[in-house]
Structure formats: structure tokens, C-alpha cells
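Protein chains in written order, with my numbering: chain A, 337 to 1085; chain B, 88 to 168; chain C, 88 to 168; chain D, 0 to 239. As C-alpha cells, the structure follows; a few thoughts come after it.
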Amino acid sequence: MTLDTVKHAEQTPDAEQPWAELGLKPDEYARIREILGRRPTGAELAMYSVMWSEHCSYKSSKVHLRQFGEKAPANDAMLVGIGENAGVVDVGQGYAVTFKVESHNHPSYVEPYQGAATGVGGIVRDILAMGARPVAVVDPLRFGAADHPDTKRVLPGVVAGIGGYGNCLGLPNIGGEVVFDACYQGNPLVNAGCIGVMKHEDIHLAKASGAGNKVILYGARTGGDGIGGVSVLASETFDDAKPAKRPAVQVGDPFQEKLLIECTLEIFAEKLVAGIQDLGGAGLSCATSELASAGSGGMRVELDTVPLRDSSLSPEEILMSESQERMCAIVEPDKADRFLEICEKWDVIATVIGEVTDGSQLEIFWHGEQIVDVPPRSVAHDGPVYERPYARPEWQDALQADDAAKLPRPATGDGLRAQVLQLVSSPNQASKAWVTDQYDRFVQGNTVLAQPEDSGMVRIDPDTNLGVAIATDGNGRYAKLDPYTGAQLALAESYRNVAATGARPLAVSDCLNFGSPEDPAVMWQFAEATRGLADGCLALGTPVTGGNVSLYNQTGDTAIHPTPVVAVLGVIDDVSRRTPVAFAEEGQLIYLLGDTKEELGGSAWSQVVHGHLGGLPPKVDLEREKLLAEILISASRDGMVDAAHDLSDGGLIQALAESCLRGGKGARIVVPDGLDPFVFLFSESAGRAIVAVPRSEEVRFNDMCGARGLPAARIGVIDGTDITVQDQFTLPLAELREAHESTIPSLLT
Amino acid sequence: MARVVVDVMLKPEILDPQGQAVHRALPRLGFEGIADVRQGKRFELEVEGPLDDAALARIHEMAETFLANTVIEDFTVRVDS
Amino acid sequence: MARVVVDVMLKPEILDPQGQAVHRALPRLGFEGIADVRQGKRFELEVEGPLDDAALARIHEMAETFLANTVIEDFTVRVDS
Amino acid sequence: MTATSSTAAGPTGLGNARIGVVTFPGTLDDRDTQRAIRLAGGEAVELWHRDKDLKQVDAVVLAGGFSYGDYLRAGAISRFSPVMEMIIEGARQGLPVLGICNGFQILTESHLLPGAMLRNNHLHFICRDQRLRVENADTAWTNSYEAGQEISIPLKNIDGRYVADERTLDELEAEGRVAFRYLGMNPNGSLRDIAGITNAAGNVVGLMPHPEHAVEPLIGTGRTDGLGFFTSVLKQLVSA
Ligand SMILES: Nc1ncnc2c1ncn2[C@@H]1O[C@H](COP(=O)(O)OP(=O)(O)O)[C@@H](O)[C@H]1O
Ligand SMILES: [Mg+2]
């Protein structure tokens, strides 16, 4: 067997290399040769190919993502911005919060349980690597048509995987989304987000500095996971027959991850690490090159010291392995023993695999022979950047011209009633309890609000009641009609959801799910959505702190709807002031805040009743969103509202139904003067919410809205056990509940 | 009635956290000398009618498409006697 | 190295919802003629050293005290050949 | 995020009682259980699975979670830890021991309580607010309740189906050792709707639902029905 050492590479400049099989373009391969001044070794080629992939290098999206920095609003809360494992914001009282959303779409289609489970595992390690204790997870999910047979395979598996992993880690699941649309049939979206909490002084960064510091790999043994492509290298470099089989799917071990969390937190508490990085995509290649390039010196790694699960792995494969539940820490020599001791306490395997050098190169050795000698930055950060061509698709105009206003509407109260039932029982609008009851929302004993509340909320300090809230939203239908506006609507909705619970929106993370960047139409959608999101964040004063891009989400030539998912993080000084969704007190007054216009493009009604997608999505007015949020937050702080629910897909009637069902109380509603009952019930105008105002607070609440210029219309009162829309229809709660709650179970069981 | 057993095991290259946890616990319980443990599933099927080649072929297909997830698992079918 | 297989099945009187779920799904998938399905666990142990009576006795004890919970489960130990 | 509040004497003034909370690898609800003990007025003492002494605690809680990932069977691996040897010994001599969820599973695996826990009959993890009836209010952990009292506390597990043979079940019923029963829908197929049981002496109690998640009005379900478990044992320790 010949090892492709650096020396060997120098001596055999013309050796054929499988760069194309590894996904590199000719010019990319040429650039690697230029950087190194020779041909890369097999191990180097493996590292470059994976680190320069779309997934790791963001080569197609980078030029657009820059706007998040360029247009970032001035924000004192931002402690760590884009570029680290996750952003960090100041939430007061010395606490910092880190949060991020990531995708695990493709693996979840192949093996739903494990794909989703390892998706949770990955995002939790990102949060942990910042120095934080993970305190909650969220899971925005999208599946194909609810009644498609494959959805019965994918959805239960994904949900069981997210629950199986997150529940076992002891992380409350406090929010997320479940959306069905045929466009996700062959390509479900499994996004997962995590929040972590730490004190300011505990923030850790991924950097390797200080010559002589130890590089410690700890956690699971390294197996042949996720190295598909690189096996071609193994077969190139090894004379003996085919390499052993490599797993097509990664299996998560949540127990191992739980140990990793507790062990790492104990290590943080004793201040034993100088730098730390989780191992995710691209495994050791990514961790070592990122740590080294962020530090001041170089790094030397003895690859044969890496503990293996499969002894047949080649050095290239070890470098590329994406085995789960591993972390890499930089530790001062005199702290290494204590570090290893804590790992031993938690039954976590830990190995010194190298050290930081005063050189500038990342050098990797295999049984004493050098197989990698690269400038780490060239691997981690100097990947290719594409200015992919983009063009507004020619079908966009026709789509927007196909206005939902022309769709037939019910003319009678009975007709409205029937469509209300149809709406609230449709898969997208129906109760998601079948899914969310499989998630532990109570663990850690700090959950103040969880699904189906507008945002999840956890207490982070039991003494002061300081808390944080998070909501995630995205609407691919809106974004398909207009990606710029669609991205802003996702942001606005998430922002509104956080404010509705009484928390002040602070910062944003996103997961941008799109089709192939090689399709100019998709690239246009991506460019428009990122521009919309960046402009929106600037207007709302909530910076993007980090996120994730998932491209190539398509089946054959058909891309998914452009689906930017936006997570907004908020802070609340005293969680006892949180506002729930439930209408629970008879006699309280129901107010509709904001303006209702006739906006049905992309609406749930157009989808459910007519199977239609066309026209323009609702307009966005971010100044109005800010005002609405201020009113909701003030009203919560001053005890003027006992319940609030934002209006989004499904419009007023959907929100009203949810608040009534949650509280177990009915409502008597009057259609405001000048509004058509149908538009009043089904329009999806943004910037709106309904609130329950105790009678004693009505004057004060009205004065506040009046003084600040927010339209507030009294539309009814909490009462009885029916929802009655005066002169139109009456719907018993029991009938509504049956419609709302039976859909998902009957589709999936 | 005939009994057919389908054994489903994770493929050797796939991580088996359960088997590992069992393996790691053994020394603590005083059991030495076990080099590895893998944990899988065993299905016992009671088959109506004659257990001819056609029936076995059907069970094989059932194992392949349903009882095992061949992305990560291998299986064997055998008649229990 | 010798391989010993320990099969662990729920006692017949204990409800096996996993087996039942499999059984119920079969007709939908087009598989008829299966009267019952039970699902259990299979452990494959790689044993170091000679597989003599003493070793087998130890494995039997391991199965009885650890691999199976004899309140609810039966087990069998056999050498894989 | 450690709760540092009220470690001293709590509302009931029973602060001298030391209650151990065991952490196994994979235990999740240990910190919440410690908090619940402090809220009830006791002193929470951390016990580690490798500990070979019980640090002079007056009672022990085996907290919920997924010890050893629940691999093999829930509770099967934890049962063999050094700390369990001490606890099994102590329990036989009257030490109050409460097993919550995974802790209950460990107690059955240890044969401190009869029967076994199996996968829920619907095969899913289930997280819900669960109504229970306290059937036996004479144990170390239930004396703050009235027999027949209904409480609501969170249930969250995938291996929550209690089974035992008929003879054992009859015996449990006859001796009043069914401590809690599910009300409304049986959430997992547990035989005779059993949610929790006690040993004959009443010092060892196990149940699947989580009282420690129902001790503060703001958090979780918003109810405090679970606090009584912890005040019960404190009361019993003072009067002992
Ligand atoms: N859509 C996005 N919006 C903002 N930041 C992003 C986005 N996508 C990626 N980033 C940032 O780019 C950096 C690299 O992303 P990623 O490779 O996902 O991180 P990791 O290596 O931790 O998985 C991170 O700081 C991430 O937050
Ligand atoms: Mg990372």
C-alpha cells in the first residue's frame, strides 16, 4: 500500500487525481495546485473537496449573504455575529443567548428517523460549542401532501427522530412548524434550531492559539459515516482490493451526545479550553482547518491517534468522516490532564491528537509521515465564490396576474360556516398535537410557553424570572409569489409571534431552503429573498446573527417553493408577564389590532378551498409591525391584555378558533362596519393580532392604541361555548374541536 | 402452523449505540471476555398454509421492504423447526 | 472468535404492540396469510477464548440477569455456527 | 443556569432533611427534582451513580430521564451501578425512595417494586398533562394528599406501560399498593390503569408521571399538584 504523502505528491506531479469525482471543478483543482505549489495529496484533496463544497463553503450564496452584515442594524445586543458556530446576543443581567437554525433535509428523506435525529444532534453541538448550555429546541418541518403515501413514511419517522434524539438529551421542544405542500414531496424540509444560555464571560470561540496547546478530540469514535465520495480516493491510494463498505446513513447516539453536553459544560465551568469546535459537516477537516485558521499559529495533528470504530478507514476517510457526537478542543498543556479526567468521569473517550504550533501550516501526519501541509485558511475560508447568474423567471408575471380575488366566495352565512370548518380541519391549519405531543416540552423545568403558543418561552433565571422567547416562521407559498416580500412576511410573522407573547424581539437566525443554484430562476428567488430579509432586519432593528443555507432542494427539475425560514429571538424581563394564546375568561373583550384589507393571494383559504396559488402575497409594512409589537409588549407589561394571538395563515377566523379552543371558551363576534364578512374572516393581511382585554382595562388599552396610532377594533366578547359571528353563523366549540383535532391523527394512523 | 423467523441486524458498518451500551456495561457486571455486542430485532411470524417456495419468497420480500430498513439493516429469513 | 446469539422475546402472555403493529400493517402492504407476529430482540455476542461449558454458563447467567428481564421476557442462548 | 434559590429552610420549615437526587449518565430531570425539593423546603443533595456512600441522606429520589440512553431496556443498565447497591440496601431498611419515570423503571428492574415497564401500546413518546387519582395517601411520598384525591401532573415517556402478572396485580390491589391510577384516557396501556405503585412498607414509591414538573405556577402546566410528593417525605422525616 502506498501512502500519498506530501513527499510522494512532490515526486509525482502528474499523477491522475479523481478531483472531478469529488465534485471539484477544473478551475478549483487548478487553484488548489496553485495554492500548494504542487499537486495535493489524497488527504489534501479530500479536505479541499469537502470544504469547498456548496454545503461547507456557501460558494453560491456567499455574495448574497454578505448583505446580512452590510445592512445589519446597529444593535448593542450583538456579542458575536455571523461567522462563528452561532451568533450570540446579550439578554441582560449578564446573560448571553446563542441560537441558530440548520437544515437536515436530504438525509431525512433517505432515512427519516436518523436524518432528523442527527439534525438535532448537529445544531445542539453548534450551540454547545459557543460555551452555552442548550436550553430548548425548535423544529420547522415541511412535508409533501398530507395524504400522499410517502408522507406516512417520512413524517412519523422525522417526528420520532426529532423526539427520540431531543427528548433523550433533555431539551424541551418549544416550537416549530409542520407544513404540507406537494412541492416538498420528494424533498421534505427538516430544519432544527437550538437556543443556548451562558454568562457573557463564558462565550467560547472556535480558534486555536498558543503554540504547544493540545488539540483534543473527544466524544464518539470515528467511523466511516458520511464519506461517500471520498471512497474513490481510498480505492485510488490503496493497492489492496476495494475498501470496506461505508455507511450510507448516519445513526445518532443521543446518549453519547448527552454525555458530551454535560462533560463539555463541566469543562467550561473549570475554564479548561482555549478554543472549541463541534464536528459537523466535513468532520475533522472542518474542525482542524477552522480552528487553525481562526488562531494565530499552525497546527500539527497525528491522525493515527484518532480513535476509530472501523479500523479499515484510510486517512482521507478519517479526515472526512462525519461521525456524530464529537467535539474538538484546544487546551493548554497544564490543563489537559484535568480535561481528560472530566471526560473519564462522563465515560467520554478523549484523545490528544495534536498540538498548536508556532508555524502557519496545518500539518497532518499518518504513522509519522506527512500527508497534509496546507495553509488552513485556504481550506476553511478561501473557497471559491460564485456569482451565479440569476433571472426573474418568465412565469412569475403570469403567476402574479392569476389573482386570488377572482376565486368564487361563499355568499351566505352557511357557506362561510362550511368553509371555516374546511379551513380549520385542513392539514396545514389543523392541530399539530399529534406531532408535538411526541416532544418533551417540560424537561429542565423552565418552560413557560411551548407549542401551540405563538412563541416558545423559557425562563433562564429562576431568581429574576428573566426569559427568552423564540418563534420560527416561513411561508413558501408567499415566497413563491414574491420572494422578496415572502421573506419579509416570514420575518414579520416570526417577529409578531415573539411580541404577541410579550417578549421583545432582539435578533434573527434563518434557514434558507431553495432549489438548485444552477437554475437562474432559483438563484433569483434566493437573491430576492436574502435582499428582502436583510432589508427587513434593518427596518426592524433585529440583526441576523447566523443561519444556514440549504440548496438543491428539488425533485428532478422541479424546485421546492423558495422557503426562507426565519427564527426571531426575543427577551422578556419577567416571564410572569407572558401572554398566552388562550381566551380563558368569559366577558373579556376581543380586539382586532391592525388593518384588514382584501388580501387573499397565497392564502390558506385559496389553497384549501380552491387549490389555488396565484396573485400577490399580503403587503408588508414593517413600521406597522414595529408599532404592533410595541403595543403588544406594553400591554403585556402593564397587564392590559390576558391573551393575544397573531394573525397569519388562515386569517382572523383561524386565530379566533385557536384561541377559543385553547381556552375552552366561545366568542360572540360582530363584523366591523365597512368590512365584508368573508374578507374579515379569511384575509391574511399582515401586521395584525387579536387580544383579550379585561373590561377594567378597556379604556386604558384603547387610549394607548389611540395615542400611538394603531387601529384597534372591538370585534366581540369571550362568551359561551360557540363561536358566533353575528348575522352569519354559529359554530359549537365541540364541532370545531373535532374538525381541528382529528385531521392529522386520521391521516397518519 | 409454521413459524418463520426474520432476524434484522444493523449493517456492520453502521453504528449500533444499543449494542455498544450493553457491551460497555458487561465488565461492570463482572462479565469479561466478550469482544463485541450487536443488538438487533427478531420477528417471529406464524404462517398460515403451506410454507412453500412461494410463501418464503413473499416473506423475503416482506422482510426486505418492510421489516428491515435495508438502508441501514441486513436481514435473514429462516424456517424455525 | 465464536459468536453466541441470545434471543429475547416477550412472554406469550404479554401484549406485544410492536408485533401487533407489524401484523396489522401487513394486509395493507399486500401480505396475506400471516396469523401472528411477535417482535423481540437479538443479541450477537463475540466471545473471546474457548466456548466451553463454563463460558456458556456465564453467558446464560448474563442473559438471565441482564439481557432479558425475566419478569416479562423469555430468552434462548445458542452458539452461532 | 443553576437555581440557587432557597436552599435553607423552606415554607414548611423542614430544611434539615437531606434528600438525595441520583444522577446517572443520561439522567435529565435531576436539576428540576433538586429544585422541587428546595421549593418544598428540603435540602437537595447530589448523588452520582458511582458514589459508594449515600452522604447521610434521609431519602432518595431517582429522577427521570434516559439513563444509559434507555438502551437495552429502560433502567436495565443503571440498576447495576454502585449507588444502586446502597439504595437497594437502604430501601430494604426503610429509606424512603421515590422513582420518577426512569427512576420507576430502575426500581422495577432492581426488583424493589414488582412488575415491569414496556413500550407504550401506541408505540409513541407521549407528553401530556395527565390526571391521576392518588389511591394510597399513606406512603412516605403521598401523605400530603388525601386518598382519592385527583391531581394533574405531566406525563412524558415512551416506555410507560406497566405490566405484571395477574397474581401480582391482584396482590397489589388487595394490599392497597396501587398508589396512583390514570384518570380519563389510559395513556399507554398500563394494566389496570396503574400509574404508580408502592412497596408493602410504603417507603418505596414509583410512578411514571413527573411531580417535579408541577411545582411552580408559572412553569410547565401552570399547576403545583406535584409539590405534595416532596412535602410528604419531609413531613414523614420530621415526624419519624
Ligand atoms: N442564511 C444565513 N444567514 C446568516 N448566516 C448564515 C447563513 N447561512 C450560514 N450562515 C453563517 O455562516 C457561518 C457558517 O455556516 P455553517 O457552515 O452552517 O456553520 P457550521 O460550520 O457551524 O455548521 C455560520 O456563522 C452561519 O451562521
Ligand atoms: Mg459549527
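The beta-carbon is built from N, C-alpha and C at its ideal position, and this holds for glycine as well.
Under the Cβ criterion of 8 Å, G102/D is not counted among the residues facing chain B.
Excluding residues up to 5 positions away in sequence, H48, R49, D50 and K51 lie with their Cβ nearer than 8 Å to the Cβ of P81/D in the same chain. With contacts defined by Cβ atoms closer than 8 Å, L61/D and I87/D do not form a contacting pair. Take F435/A, set aside five residues on each side of it, and the residues of its chain with a beta-carbon closer than 6 Å to its own are I531, S845 and L905, in chain order. Distance from the Cα of G1002/A is smallest, within the candidate group S972/A, I1054/A and G987/A, for I1054/A. In this chain, the alpha helix (DSSP H) harbouring Y445/A covers N441 to V446. Neighbourhood of F23/D in chain B, by CB distance below 7 Å: empty, with the nearest CB roughly 12 Å away.
A residue is called buried when at least 16 other Cβ atoms come within 10 angstroms of its Cβ; R489/A does not meet this threshold and is exposed. For the stretch 108-122 of chain B, residues whose beta-carbon sits nearer than 9 Å to a beta-carbon of chain D comprise A108, V109, R111, A112, R115 and L116. At least one beta carbon of chain D lies nearer than 8 Å to the beta carbon of P590/A.
Nearest to A741/A by C-alpha distance, out of P349/A, F1014/A, V684/A and V1029/A, is F1014/A. Contact between R375/A and R369/A holds: their C-beta atoms lie close to 6 Å from each other, under 8 Å. Here V551/A carries a strand assignment [DSSP, helix/strand/coil]. The C-beta separation of T220/D from P153/D comes to about 6 Å, placing the pair in contact by the 8 Å criterion.
In this structure M663/A is in contact with D614/A, their Cβ atoms being roughly 5 Å apart against a cut-off of 8 Å. Bounds of the beta strand (DSSP E) holding A1048/A are A1048 to I1054. Per the coordinates, the alpha-carbon of G548/A lies some 19 Å from the alpha-carbon of Y554/A. Note on the stretch 641-718 of chain A: whole alpha helix (DSSP H) runs with a minimum of 4 residues are 651-656, 669-681 and 712-716, in chain order. The beta carbons of A1025/A and L968/A sit about 6 Å from each other, so the pair counts as a contact at 8 Å.
At a cut-off of 8 Å, the C-beta of K607/A has no neighbouring C-beta in chain D. Only those residues of the stretch 68-82 of chain D whose C-beta falls short of 7 Å from the nearest C-beta of chain B are listed: G68, Y70, L71, I76 and F79. Annotated three-state conformation of D957/A is coil, per DSSP. DSSP places F103/D inside the alpha helix (DSSP H), whose first and last residues are N101 to E108. Residue environment analysis places Q824/A among the buried positions, since at least 16 neighbouring C-beta atoms fall within 10 angstroms of its C-beta. Nearest neighbour of E447/A by Cα position, chosen from A584/A, D910/A, Y431/A and V514/A, turns out to be A584/A. In this structure, V91/B lies near L132/B, with their beta-carbon atoms less than 8 Å apart.
If you compare the alpha carbons of K343/A, A408/A, K395/A and T348/A with that of D871/A, the shortest gap goes to A408/A. Interface criterion met: the Cβ of V158/B is under 8 Å from a Cβ in chain A.
Under the three-state reduction of DSSP, E45/D is assigned to strand. When secondary structure is reduced to three states using DSSP, I146/C falls in the helix class. For V533/A, the closest alpha carbon among the candidates S629/A, G938/A and A472/A is that of A472/A.
Non-local beta-carbon contacts of A628/A in its own chain, meaning distances under 7 Å to residues more than five positions away in sequence, involve A544, G634, M635, L698 and P712 in chain order. In the structure shown, the three-state DSSP call for I531/A is strand. Shown in chain order are the members of the stretch 769-794 of chain A whose Cβ falls below 7 Å from a Cβ of chain D: D773, Q774, Y775, D776, R777, F778, V779, Q780, G781, N782, T783 and V784.
Taking each of V637/A, E680/A and I654/A in turn and checking the Cα distance to V710/A, the smallest one comes out for V637/A. With 16 or more neighbouring CB atoms inside 10 Å of its own CB, S972/A falls in the buried class.
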